[in-house]
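Encoded as structure tokens, the structure appears first; notes follow it.
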Amino acid sequence: MRKLIRGIGAPMLALVLTTVCAAQQSDPVTLTVGSPAPPLEIKKWIKGTPVTTLGHGTVNVVEFWATWCGPCKMSIPHLTELAHKYQGKATFTGVSVWEDPQAKDETYLSRVDSFVKDMGAKMDYNVGADGLQATMAKTWMSAAGQNGIPTAFVVDQKGQVAWIGHPMAGLDEVVQKVIDGTYDVKAESEKAAKEKAEQEQIAKDAEPLGKSVQAGDLKTARIELDKLIAKHPALGDQLSSRWFTFLLAKDETAAYAYGKELAHGRLKDNGDLLNSMAWSIVDDNSKLKHPDYSAAVLIARQAAEANHMQDPMSLDTYAYALFKKGDKDAGIAVEEKAIALLSKPGSSIPEETAKEIKDRLLAMKTKAGRYR
Numbered sequence: 017m018r019k020l021i022r023g024i025g026a027p028m029l030a031l032v033l034t035t036v037c038a039a040q041q042s043d044p045v046t047l048t049v050g051s052p053a054p055p056l057e058i059k060k061w062i063k064g065t066p067v068t069t070l071g072h073g074t075v076n077v078v079e080f081w082a083t084w085c086g087p088c089k090m091s092i093p094h095l096t097e098l099a100h101k102y103q104g105k106a107t108f109t110g111v112s113v114w115e116d117p118q119a120k121d122e123t124y125l126s127r128v129d130s131f132v133k134d135m136g137a138k139m140d141y142n143v144g145a146d147g148l149q150a151t152m153a154k155t156w157m158s159a160a161g162q163n164g165i166p167t168a169f170v171v172d173q174k175g176q177v178a179w180i181g182h183p184m185a186g187l188d189e190v191v192q193k194v195i196d197g198t199y200d201v202k203a204e205s206e207k208a209a210k211e212k213a214e215q216e217q218i219a220k221d222a223e224p225l226g227k228s229v230q231a232g233d234l235k236t237a238r239i240e241l242d243k244l245i246a247k248h249p250a251l252g253d254q255l256s257s258r259w260f261t262f263l264l265a266k267d268e269t270a271a272y273a274y275g276k277e278l279a280h281g282r283l284k285d286n287g288d289l290l291n292s293m294a295w296s297i298v299d300d301n302s303k304l305k306h307p308d309y310s311a312a313v314l315i316a317r318q319a320a321e322a323n324h325m326q327d328p329m330s331l332d333t334y335a336y337a338l339f340k341k342g343d344k345d346a347g348i349a350v351e352e353k354a355i356a357l358l359s360k361p362g363s364s365i366p367e368e369t370a371k372e373i374k375d376r377l378l379a380m381k382t383k384a385g386r387y388r
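Here this note's numbering = 1-based position in the sequence shown + 16.
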């Protein structure tokens, strides 16, 4: 899932995308910025020092994640960096949630335990896991209307929620201000209320789209999607990429045509979203019945070009698309360029991902008969 989720997850989209994908209705939002933080009811503490209380003059960051979540893995080193930076000034706690919604026992806890041990010093802060009753997921995530992970909550010295958001999007600045006593919780609460009103309006505007999707009328749904994007152009890129993902599960042929349309049009300069789309076609773990590798090549090439041919992730996708299409030599050449970029000083690609790309090159060369 390392590329399928990349670039997805802006809070403004949560309710809209729920409607588009015909998912379950979100629970009422009762936990907002300015609310007293719920208690930490951790089923199992896996690493660090258990946190029993919030507030009492201490700043806390409570971050929700899962072992299967690609973006969560990307954010873990950043959280470790912040935990070290603010040691003695703010306490960081990661809480594993939604590990297995269908679980009938808590054997999944061993998976969380193994993951944390494998991360070692890269995950250097308190870590706990939610129980089978999903108490933490319900009292924090669902109560706050948060449907995606990773999500971080900053709890101030008084025990009230000061901020809710993606840990890679402004968390450092917020924590520093809360520590300094310069963070305006009231202003942030008003901002959150405004965003909630905007979400409600967007959800209302998305109702015709949701009804068309639920009725299975994809032709009308596409018309309604375009209307929704016209009303809310700032959401256009995310909504259109999500529509592509939705189509893949419903009508692969239509999805490939729409993907190529996006690569030539709306998303031609959005390398990350195009990369995610292309990877969903070439991923070995995809469940596609008739993967169109020609479409994947077109979309992936545009993703790589949008990233100026300097992004190892999009080059990796482009390389694998070429290889699966049958252009083995071209695919290997592009993958070698991706690996060369990984070796440059300052590369931000995690070791796990870098190894995955290097292993893929080895597998491609083996299949192409380069190694015997």
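Yeah, the Cβ is synthetic: ideal placement off N, Cα and C, and Gly gets one too.
Predicted model, so just to flag it, every value in this text is computed and none were measured.
* With a threshold of 16 other CB atoms inside 10 Å of the CB of D308, please say whether the residue is buried or exposed. => buried
* To do: Give the C-beta separation of I62 and D129 to the nearest angstrom, bearing in mind that I take them to be a contact with Cβ-Cβ under 8 Å.
  => For a cut-off of 8 Å, the C-beta gap from I62 to D129 is around 5 Å, short enough to register as a contact.
* Does the separation of the CB atoms of V75 and V194 fall below 8 Å? -> yes
* Asked: If you run the structure through DSSP and keep just helix, strand and coil, what is P27?
  -> Residue confidence for P27 is low, a pLDDT of 38 falling below 50, so the modelled location carries little weight and cannot support an answer.
* Taking the C-alpha atoms as reference points, what is the distance between A209 and Q215? -> 10 Å
* Which whole-angstrom value describes the C-beta separation of Y334 and R376, a residue pair presumed to lie in contact below a C-beta threshold of 8 Å? -> Y334 to R376, Cβ: 12 Å. No contact.
* Give, in chain order, every unbroken run of the beta strand (DSSP E) that is at least 3 residues long and sits entirely within the segment 165-233. => Taking 3 residues as the shortest admissible run, the segment 165-233 contains the following complete beta strand (DSSP E) segments, listed from N- to C-terminal end: 167-171 and 177-181.
* Asked: How many angstroms separate the CA atom of P249 from the CA atom of A137?
  -> 42 Å
* Which value, in whole angstroms, describes the spacing of the CA atoms of A160 and F169? -> 10 Å
* To do: Determine, using beta carbons only, whether M152 and I58 come nearer to each other than 8 Å.
  => Cβ distance < 8 Å, so M152 and I58 count as in contact.
* Beta-carbon separation (whole angstroms), S51 vs W81, contact threshold 8 Å -> No, S51 and W81 are not in contact; Cβ-Cβ is about 22 Å, not under 8 Å.
* To do: Enumerate, from N- to C-terminal direction, the unbroken alpha helix (DSSP H) stretches of 4 or more residues contained entirely within the segment 67-127.
  => 86-101
* Can you say whether Q228 is buried or exposed, counting buried as having 16 or more other CB atoms within 10 angstroms of its CB? => Inspection of the sequence shows that residue 228 is occupied by Ser rather than by Gln. S228 is buried by the Cβ-count criterion.
* To do: Given a cut-off of 8 Å, decide if A370 and L358 are closer than it, judged by their beta-carbon atoms.
  => yes
* To do: Look at the alpha carbon of A316 and the alpha carbon of E277, and state the distance between them as a whole number of angstroms.
  => 13 Å
* Is there contact here, the segment 320-327 with the segment 340-348, by at least three beta-carbon pairs under 8 Å? -> Fewer than three pairs of CB atoms, one per stretch, sit closer than 8 Å, so the segment 320-327 makes no contact with the segment 340-348.
* Counting only the same chain and skipping the five closest in sequence on each side, list residues whose C-beta sits under 7 Å from that of L338. => Apart from the 5 residues on each side of it in sequence, L338 sits with its Cβ closer than 7 Å to the Cβ of V313, A346, G347 and V350 in its chain, given in chain order.
* Asked: Residues in its own chain within less than 8 Å of Y127 by CB, not counting five upstream and five downstream?
  -> Reading the sequence as shown, one finds Arg at residue 127 and not Tyr. Result list for R127: T83 and E115, in chain order.
* State the beta-bridge partners of K374 as determined by DSSP. => The partner list for K374 (beta bridge, DSSP) is empty, contrary to what the question assumes.
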